[in-house]
Structure formats: C-alpha cells, structure tokens
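**Q**
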Amino acid sequence: MAEVRVQSGLTQEEFAERVAGVGLKYYQRIEAGRANMTVLTLAKFASRLGVEIRELFEPPRSREVKRGRPRAVAR
C-alpha cells in the first residue's frame, strides 16, 4: 500500500487524515502490518488512491518504499 501511496505523491499524514479520513497512528500501523482493517476500509483506501483493491496486495516493486515520507528525487 505504501508504494501506491508514494506514487500518488502523498505522505502518510496526508493520506490518512485528508484523503482516507483515519488517524495517522492507525494508518501507520496498517502500513507496517501491525493493524488490520475491514474490507470496507480496504475498498475505501483503494478508491481514494484510484487503484483496484488487488493492487494493494502486490509486493512493492522497489526497495525504496519504506514507512514515512516519500523520498526526494535528485535532479
């Protein structure tokens, strides 16, 4: 889920509080695999990220994605 969020240009805080309408700590626990969510919440997150639910289950394609803020790209 973190990779999809980062690709959308959102920090954990932005996604949790502004987009998904959940608390930051709860969202951080979800991303870290320490909290579960309902199927309804999963569908809501996928919709808000503009992806299909199955995409949230795909393993990250890059090791660059970790918890926290998106990394700045050097130009």
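Residues in the sequence shown are numbered consecutively from 12, following our numbering. The beta carbon of each residue, even a glycine, is placed where N, CA and C say it ideally should be.
Return yes when the Cβ of ALA27 is within less than 8 Å of the Cβ of GLY34, no when it is not.
**A** Residue 34 sits at position 23 when you count from the first residue of the sequence shown. Residue 27 sits at position 16 when you count from the first residue of the sequence shown. Yes; because the gap between Cβ atoms is below 8 Å, this pair is in contact.
**Q** How about TYR37 and GLN23: do their beta carbons lie closer than 8 Å?
**A** One-based indexing of the sequence shown puts residue 37 at position 26. One-based indexing of the sequence shown puts residue 23 at position 12. No, they are not a contact pair.
**Q** Could you have a look at LYS42 and say whether DSSP puts it in helix, strand or coil?
**A** Within the sequence shown, numbered from 1, the residue matching residue 42 stands at position 31. Per the sequence shown, the amino acid found at residue 42 is Glu instead of Lys. Helix, per DSSP.
**Q** Starting from ARG16, follow the alpha helix (DSSP H) in both directions and report where the run begins and ends.
**A** As a position in the sequence shown, residue 16 is number 5, starting the count at 1. 13-18 is the span of the alpha helix (DSSP H), which, as asked, contains ARG16.
**Q** Give me the Cα-Cα distance between ARG82 and SER73, rounded to the nearest whole angstrom.
**A** To locate residue 82, count along the sequence shown from 1; it is residue 71. To locate residue 73, count along the sequence shown from 1; it is residue 62. Because ARG82 carries a pLDDT of 47, less than 50, the predicted location of this residue cannot be relied on, and the following value inherits that uncertainty. Their backbone Cα atoms lie some 12 Å apart in a straight line.
**Q** What separation, rounded to the nearest whole angstrom, lies between the Cα atoms of GLU63 and LEU53?
**A** Residue numbering aside, residue 63 sits at position 52 when the sequence shown is read from its first letter. Residue numbering aside, residue 53 sits at position 42 when the sequence shown is read from its first letter. Cα to Cα, GLU63 sits roughly 10 Å from LEU53.
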